[in-house]
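Chains as they are written, first to last, in this note's numbering: chain A, 1 to 396; chain B, 397 to 520.
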């Protein structure tokens, strides 16, 4: 995983429906709409899609079973031409892993064109009390952590306190990540929260688990997003705006948070080393950092571990506005899960789609001027893994 | 419950915090796995821990807990490095307002919902 590999595959089409609370919109219709958008965007004839990979959905076991058993293929009218329908699920890290799996299929020739699609309904598909209990059990060991009241806010809080202790980062600096995300979401018509947000408002919101405030927490949402992957060789014949996957790295460093050896740095540095070596780039080549957020501490950790900012300085870097629209390192430009909304496995799919959208030059009001290389990160479960992808407008 | 972890739970009922030491490679791990994560041996020597450790991180849960924990608000979750070199999660019984990362803590056995749990208190 450490030598330069050339382009592994290309993303040639993207689709997304608005993220938020949409009780009237079924997950199936949302997912199918996002998929049709992605295939149309790619210019590929739908009958040339030969593999469909639905991401795992959390709100309903029935809906997820439908996806596993081919409902999306049937819904989209692709029966007979698709040779495999299979699920990829890595929680928050699903987007990056979808692209890794799809790239492997097209790179090996086992597939020609792969449709990746996610849909979930975490805002309106299950009551909030149920949602909190779901997110206090998923990925949290029944015997070793649940008896002590562990849940997702306390996971983020434990990481945040340790990060603050080791780096000297202040509460104000942490909340500036939320402000940065919101500034991007203000420009994103698909985002759930688009009203301006200030550091003072975040600090005035109620404490969930110290030192985490309510407005430093992501909000569960309904949403769907999709992308189409083809081989690097075919990509330029298909579309004028292919986005190439140049490198991928990852490390699974725990299942239970209490088994993480380093809950300040995780495996990001090693994952980035692999991804950058494959791509033949360094941190200075990166124009946009599409970092999977979910809680502000994650962005600060990743900025540092990827070498984009010196260790311990990410808080000051974000607080100074460097990651905002117009800043020198645009970060999580769809608003992330803190502002676009958390759709389960789709939070990371949306961030991957956003990285591609920016490189395609299709990001509308929030388009970063002419970016060439984006880094995309994601992580699943209780921050179990560190996934890093390098995406580029050009084959390098 | 994993069958291999049974001695751990039986130890708690006797107010002992037992750790699995691998009979093959001699290393200790926690929580107990179905085989030693270092060498995959399935033979453990269960030895009582000293019961003392250091706070690696902690949080006081003030709101939005899992529903079963609503009556316990506020409560403190900590990640503790035991002196034997393994890490575990628990709750802190002593005053959380004065708790700091790096504080020394000692185990105390508390029965909760018919289950004996190893909880911790700061050593003054």
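Yeah, the Cβ is synthetic: ideal placement off N, Cα and C, and Gly gets one too.
8 angstroms Cβ cutoff, residue i in contact with chain A
i, result
"residue 500 of chain B", "no"
"residue 505 of chain B", "no"
"residue 471 of chain B", "yes"
"residue 456 of chain B", "yes"
"residue 468 of chain B", "yes"
"residue 483 of chain B", "yes"
"residue 519 of chain B", "no"
"residue 516 of chain B", "no"
"residue 461 of chain B", "yes"
"residue 438 of chain B", "no"
"residue 493 of chain B", "no"
"residue 480 of chain B", "no"
"residue 590 of chain B", "Chain B is shown only over 397 to 520; residue 590 of chain B falls outside these bounds and no answer can be derived."
C-beta contact flag for residue i and residue j at 8 angstroms
i, j, result
"residue 388 of chain A", "residue 223 of chain A", "no"
"residue 78 of chain A", "residue 46 of chain A", "yes"
"residue 101 of chain A", "residue 88 of chain A", "yes"
"residue 292 of chain A", "residue 377 of chain A", "yes"
"residue 150 of chain A", "residue 483 of chain B", "no"
"residue 235 of chain A", "residue 103 of chain A", "no"
"residue 31 of chain A", "residue 107 of chain A", "no"
"residue 424 of chain B", "residue 480 of chain B", "yes"
"residue 52 of chain A", "residue 97 of chain A", "no"
"residue 4 of chain A", "residue 278 of chain A", "yes"
"residue 342 of chain A", "residue 219 of chain A", "yes"
"residue 41 of chain A", "residue 111 of chain A", "no"
"residue 193 of chain A", "residue 126 of chain A", "no"
"residue 180 of chain A", "residue 318 of chain A", "yes"
"residue 373 of chain A", "residue 281 of chain A", "yes"
"residue 314 of chain A", "residue 300 of chain A", "yes"
"residue 168 of chain A", "residue 312 of chain A", "yes"
"residue 122 of chain A", "residue 325 of chain A", "no"
"residue 333 of chain A", "residue 366 of chain A", "yes"
"residue 305 of chain A", "residue 255 of chain A", "no"
Cβ-based neighbour list, residue i, same chain, cut-off 6 angstroms, excluding 5 preceding and 5 following
i, result
"residue 38 of chain A", "13, 14, 15, 226, 227 and 228"
"residue 43 of chain A", "238 and 239"
"residue 490 of chain B", "517 and 518"
"residue 330 of chain A", "288 and 368"
"residue 381 of chain A", "91 and 139"
"residue 452 of chain B", "475 and 477"
"residue 166 of chain A", "264"
"residue 23 of chain A", "124"
"residue 190 of chain A", "16, 18 and 19"
"residue 297 of chain A", "159, 160 and 163"
"residue 1 of chain A", "Its pLDDT being 47, under 50, residue 1 of chain A is placed unreliably in this model, and the coordinates cannot settle the point."
Proximity test, Cβ basis, 8 angstroms: residue i and chain B
i, result
"residue 215 of chain A", "no"
"residue 1 of chain A", "Because residue 1 of chain A carries a pLDDT of 47, less than 50, the predicted location of this residue cannot be relied on, and no value is offered for it."
"residue 139 of chain A", "no"
"residue 126 of chain A", "no"
"residue 49 of chain A", "no"
"residue 157 of chain A", "yes"
"residue 144 of chain A", "yes"
"residue 207 of chain A", "yes"
"residue 294 of chain A", "no"
"residue 383 of chain A", "no"
"residue 210 of chain A", "yes"
"residue 132 of chain A", "yes"
"residue 304 of chain A", "no"
"residue 201 of chain A", "no"
"residue 136 of chain A", "yes"
Spatial neighbours of residue i in its chain, beta-carbon cut-off 7 angstroms, leaving aside the 5 residues before and after
i, result
"residue 171 of chain A", "203 and 211"
"residue 403 of chain B", "414 and 442"
"residue 214 of chain A", "205, 206 and 208"
"residue 357 of chain A", "14 and 363"
"residue 360 of chain A", "241 and 243"
"residue 473 of chain B", "454, 455, 457, 485 and 487"
"residue 512 of chain B", "408, 409 and 505"
"residue 7 of chain A", "232, 244, 245, 246 and 395"
Near the ligand NAD: residue i beta-carbon under 7 angstroms from a heavy atom
i, result
"residue 314 of chain A", "Of the ligands one can find in the structure shown there are none, so the ligand NAD has no counterpart to examine."
Neighbourhood of residue i by C-beta distance below 8 angstroms, restricted to the same chain and skipping five residues each side
i, result
"residue 328 of chain A", "322"
"residue 367 of chain B", "The question about residue 367 of chain B has no answer here: the residues shown for chain B are numbered 397 through 520."
"residue 391 of chain A", "11, 243, 244, 245, 246, 355, 356, 359, 373, 374, 375 and 376"
Neighbour list for residue i in chain E, Cβ cutoff strictly below 8 angstroms
i, result
"residue 400 of chain B", "The structure shown contains no chain E; its protein chains are A and B."
State whether the stretch 204-213 of chain A contacts the stretch 137-155 of chain A, with contact taken as three or more CB pairs (one from each stretch) at a distance under 8 angstroms.
yes
Closer than 8 angstroms is the cut-off here; do at least three beta carbon pairs connect the stretch 88-98 of chain A with the stretch 182-199 of chain A?
no
Taking a Cβ distance cut-off of 7 angstroms, strictly less, list which residues of the stretch 415-434 of chain B are near chain A, in chain order.
427
Tell me which residues of the stretch 255-286 of chain A have at least one Cβ-Cβ distance to chain B shorter than 9 angstroms, keeping chain order.
256, 257, 258, 259, 260, 261 and 263
With three or more beta-carbon pairs closer than 8 angstroms as the criterion, would you say the stretch 456-469 of chain B touches the stretch 430-439 of chain B?
no
Interface residues of the stretch 150-184 of chain A facing chain B [CB-CB below 7 angstroms]
150, 151, 153, 154, 157, 158, 161, 162 and 165
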